[in-house]
Amino acid sequence: MDARVNGTTLEIGAEHPPRDTAPVFLRHVRPGDGALLDGLVRALSDASRYRRFHAVVKELSEPWRARLTHVAPDAAALLAIVRDDEREIAVGEARYATAEDAAADEREFALVVADDWQRLGIGARLMRGLIRCAERADVRALYGDVFADNTALLAFAQRLGFSQRRHPTDARLARVVKVLRPAAGAAAQTGRAPATAVESSLNACAIEGPA
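Going by the numbering used here, the sequence shown opens with residue 221, and the numbers climb by one from there.
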């Protein structure tokens, strides 16, 4: 499997963050990005790794790395990278996928930005790109689980239009949800037919220009 059905290497765009740092580019995750993701995970603080994976993680196992780099057709994954002498360094990652307990038209998202690159707008750019991918794939809703004491991330999600709900099973967590389109019944009433899985995967993330 590839990050996209057609194996595209389309770049979403470049933009200078507000501080005096290298330009940050957004692009899709590729099957050969294991080393980039390894570097990103190692660069995270223990707290950032725990918030991203909801577990104590020091580095990616081989099976985990394979799952993160070989993205399913109904999923999407984006990297924020900087380039140093033609070498890429991952400074952030965002993705969505279908969770086992979720509805077929819902996707669970995850986001992480390297500690040294936080508060530069990179997380917002990644999430805007991910939301555009989801909209073009006809995803009805994106949701994510956030530790309830992570007030900064909850406020960040609210600024992006997510609403906060009680987590259905874990009191330590809060669930943030962004509805992107009406449910299937409402769509039918307006004459809009939901895209098929193949149509969604072919059309998703066809994004050009700055994020």
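Even for Gly, the Cβ is constructed at its ideal location relative to N, Cα and C.
- Annotation for S268: the continuous alpha helix (DSSP H) segment containing it runs 266-273.
- Your pair A394 and V366 checks out as a contact, with CB atoms roughly 5 angstroms apart and the cut at 8 angstroms.
- Under DSSP, Q384 forms a beta bridge with V396.
- The beta carbon of V276 is closer than 7 angstroms to those of Y270 in its chain, skipping five residues each way along the sequence.
- Contact between the stretch 385-399 and the stretch 290-304 is absent: fewer than 3 CB-CB pairs across the two stretches fall below 8 angstroms.
- When secondary structure is reduced to three states using DSSP, G312 falls in the strand class.
- Contact fails between the stretch 252-259 and the stretch 358-373, because fewer than three Cβ pairs, one in each stretch, are under 8 angstroms apart.
- With contacts defined by Cβ atoms closer than 9 angstroms, V291 and G312 do not form a contacting pair.
- Taking 9 angstroms as the cut-off, the Cβ atoms of L400 and A344 do not count as close.
- Residue nearest to P251 within the set F273, S265, L264, E282 is E282 (criterion: CA-CA distance).
- The shortest CA-to-CA distance from D294 to any of R285, A334, F382, E355 is the one to E355.
- Annotation for E328: the continuous beta strand (DSSP E) segment containing it runs 326-333.
- R262: member of the alpha helix (DSSP H) spanning 254-263, first to last residue.
- In the structure shown, R250 falls within a coil segment according to DSSP collapsed to helix, strand and coil.
- Ranked by Cα distance from D304, the options R386, E328, P243, S383 are led by P243.
- Nearest neighbour of L280 by Cα position, chosen from V261, Q384, F376, W337, turns out to be V261.
- One thing to note: F329 has its Cβ within 9 angstroms of the Cβ of L350.
- The Cβ atoms of A263 and D335 sit closer than 9 angstroms to each other.
- Under DSSP, the beta-bridge partners assigned to D304 are R307.
- Bridge partners of V366 according to DSSP: A394.
- Non-local beta-carbon contacts of K398 in its own chain, meaning distances under 6 angstroms to residues more than five positions away in sequence, involve L362, G381, F382 in chain order.
- In the structure shown, the three-state DSSP call for A375 is helix.
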